[in-house]
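Asks:
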Amino acid sequence: MERITFAGADGHMLAARLDAPEGPHLATAIFAHCFSCSKDIAAARRIAQRLASMGIAVLRFDFTGLGHSQGEFENTTFSSNVGDLTAAAAYLTERGMPPGLMIGHSLGGAAVLRAAGEIDSLKAVVTIGAPFEPGHVTHAFADALPRIEADGAAAVDLGGRPFRIGQDFVKDVLQADLAPYVANLRKALLVLHAPQDTVVGIENATRIFLAARHPKSFVTLDDADHLISRAVDAEYTAEVIAAWAGKYLVLRPPAPPPGAPEGVVRSSEADADGFLQDINAGPYHHTLADEPLAYGGTDRGMSPYGFLAAALAACTSMTIRMYARRKGWPLVHVQVDVTHNKVHAQDSDLTGPNRIDQFHRIVHLEGALDDSQRTRLLEIADRCPVHKTLEASAQVKTELAT
């Protein structure tokens with residue numbers, strides 16, 4: 000992760016983080032946070048981490064007057080937020096990494112819809128819990144509107160934190176009309192919204208979706224809250240965006256390194272407080288690894304030994320199918336069940352007794368096969384390359400990254 004600053008719309012330096020891929024950089028995205036939030040909100044961190052694992056660098060920054068950025072929030076407007084977004088895109092373009100994707104959360108979602116037409120490199124836009132009318136945000140401080148109008152600015156409480164809202168912001172956000180910008184977006188659009196969002200109602204997502212032209216997609220976030228504060232909801236949101244974005248961004252990985260014909264498989268921590276891991280094999284293949292609840296995990300993915308058993312089961316099934324296809328035998332379906340008798344958490348205890356791993360494999364074969372064919376296919380199961388690797392002694396070389 001790279002900490003950077005760049006000049007915003009009015010010249011103030013904006014604080015940002017660039018979540019860069021550990022492997023090849025295939026595309027670039029910008030994340031716009033919600034009203035009065037910051038670039039470090041949990042949902043932004045999780046989404047940026049997931050996209051970076053696919054090869055998409057993500058710039059997330061604090062709007063003027065928020066977080067670690069310069070300027071006074073009182074002097075900002077919705078239009079200045081839009082200007083900050085175009086400034087972010089210009090900064091990335093100057094670095095040789097023009098953004099192809101822009102993601103906006105809440106009012107940040109309204110801002111990306113307004114700014115998208117000004118950024119030529121964009122291919123796709125995502126909104127999360129965004130209002131169709133930016134002026135909707137004034138509901139958060141409706142009781143202060145008379146004071147703001149009378150005094151030009153007033154202190155308000157937003158999420159338990161004090162902010163000063165200026166009259167220019169109120170006028171600008173109330174006058175903002177997204178409808179023509181959404182209708183002429185000319186980018187792929189993904190609308191994400193929770194039906195139970197009590198801050199920005201689901202009807203806003205409906206209006207955005209109906210105003211837009213195809214290609215467009217609408218995905219519900221079920222019982223998530225407005226801030227996507229639960230880890231499981233942030234993970235789901237990240238997964239949906241990552242899968243969807245791959246259809247509109249050109250994610251062509253480079254050739255695999257010598258000695259690794261299938262490329263690099265990377266495991267990266269998704270939750271430093273537990274054991275959840277992002278597992279990526281190139282930009283297109285992603286899954287989760289975890290530990291069961293009983294061993295301190297969150298049980299949101301298979302355990303490492305579960306993946307090992309899956310490798311044996313999949314390889315066995317593929318090997319049997321390959322042989323039967325070559326022979327022209329009437330094999331209709333293959334299923335392979337594998338169990339492993341050692342628990343990973345106990346196995347990692349180096350002071351424990353020395354035990355031998357045992358994989359129990361049951362092969363199910365469907366089709367009009369005679370006994371000799373079934374016997375032969377069972378023998379072929381032992382020719383599975385993963386089976387041979389497990390029975391032989393494999394060599395693992397480990398080194399620290401420089």
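Just so you know, we're using numbering that gives the first Met the number 0 here: the sequence shown kicks off at 0 and counts up by one.
Using N, Cα and C, we set each Cβ at its ideal position, and we do this for glycine too.
In this text the structure is predicted, and so the values were computed from the model without any measurement.
Taking a contact to mean a Cβ-Cβ separation below 9 Å, would you say L58 touches L17 in this structure?
Replies: Yes.
Asks: Return helix, strand or coil for R299, following the three-state DSSP convention.
Replies: coil
Asks: Would you kindly check if the distance between the Cβ of D270 and the Cβ of D224 is under 9 Å?
Replies: no
Asks: In terms of alpha-carbon separation, which member of E148, A182, A312 lies closest to R382?
Replies: A312
Asks: Between the Cα of H359 and the Cα atoms of N340, E365, S371, K38, which residue gives the shortest distance?
Replies: N340
Asks: How many angstroms separate the CA atom of Q372 from the CA atom of G305?
Replies: 30 Å
Asks: Could you tell me the boundaries of the beta strand (DSSP E) in which T219 lies?
Replies: 215-219
Asks: Is the beta carbon of G116 sitting closer than 9 Å to the one on A109?
Replies: Against a cut-off of 9 Å, the Cβ pair of A109 and G116 comes out as no contact.
Asks: Would you mind sorting H192 into buried or exposed? The rule is 16 or more other CB atoms within 10 Å of its CB.
Replies: So H192 ends up on the buried side.
Asks: In terms of residues, what are the limits of the alpha helix (DSSP H) holding D167?
Replies: 166-174
Asks: Suppose you measure from the CA of V199 to the CA of F77; what does that come to, to the nearest Å?
Replies: 17 Å
Asks: Report the rounded CA-to-CA distance for H284 versus M101, giving the unit in angstroms.
Replies: 22 Å
Asks: Evaluate contact between the stretch 26-39 and the stretch 204-218, counting only Cβ atoms and requiring at least three cross-stretch pairs below 8 Å.
Replies: Under the Cβ criterion (8 Å, minimum of three pairs), the stretch 26-39 does not count as touching the stretch 204-218.
Asks: Who are the near neighbours of V239 in its chain, counting only those whose CB is closer than 6 Å to its CB and skipping five residues on each side?
Replies: V218
Asks: Mapping the DSSP letters down to three states, classify M101 as helix, strand or coil.
Replies: strand
Asks: Do I55 and T236 have their C-beta atoms within less than 9 Å of each other?
Replies: For I55 and T236, no; Cβs fall outside 9 Å.
Asks: Any contact of the stretch 138-146 with the stretch 201-214, i.e. 3+ C-beta pairs under 8 Å?
Replies: no
Asks: Can you list, in chain order, the stretches of the beta strand (DSSP E) that have 3 or more residues and sit fully within the stretch 131-165?
Replies: 152-157, 160-165
Asks: Between E93 and R325, what straight-line distance do the alpha-carbon atoms span, to the nearest angstrom?
Replies: 55 Å
Asks: Among residues of its own chain, excluding the 5 on either side of D167, which ones have a beta-carbon nearer than 7 Å to its beta-carbon?
Replies: Taken in chain order, the residues that qualify are T76.
Asks: On the criterion of 16 or more Cβ atoms from any shown chain inside 10 Å, does T350 qualify as buried, or is it exposed?
Replies: With a pLDDT of only 49 at T350, under 50, the local geometry of the prediction cannot be trusted, and the value read off the model is given with reservation. Burial call: exposed.
Asks: Where does the unbroken alpha helix (DSSP H) through L112 begin, and where does it stop?
Replies: Per DSSP, the unbroken alpha helix (DSSP H) holding L112 starts and ends at 106-114.
Asks: Taking just the CA atoms, how far does A244 sit from A187?
Replies: Computed Cα separation, rounded: 9 Å.
Asks: Verify the contact flag: G366, CB atom, against every heavy atom of the ligand PLP, threshold strictly below 8 Å.
Replies: With respect to the ligand PLP, the structure shown offers nothing to examine, as it has no ligands at all.
Asks: Among the candidates Y247, A154, V231, whose CA atom is the shortest distance from the CA of L406?
Replies: The question about residue 406 has no answer, for the chain in this structure spans 0 to 401.
Asks: In terms of residue numbering, what span does the alpha helix (DSSP H) encompassing H386 cover?
Replies: Unbroken alpha helix (DSSP H) run through H386: 384-390.
Asks: Give the secondary structure of R229 by DSSP, where H, G and I count as helix, E and B as strand, and everything else as coil.
Replies: coil
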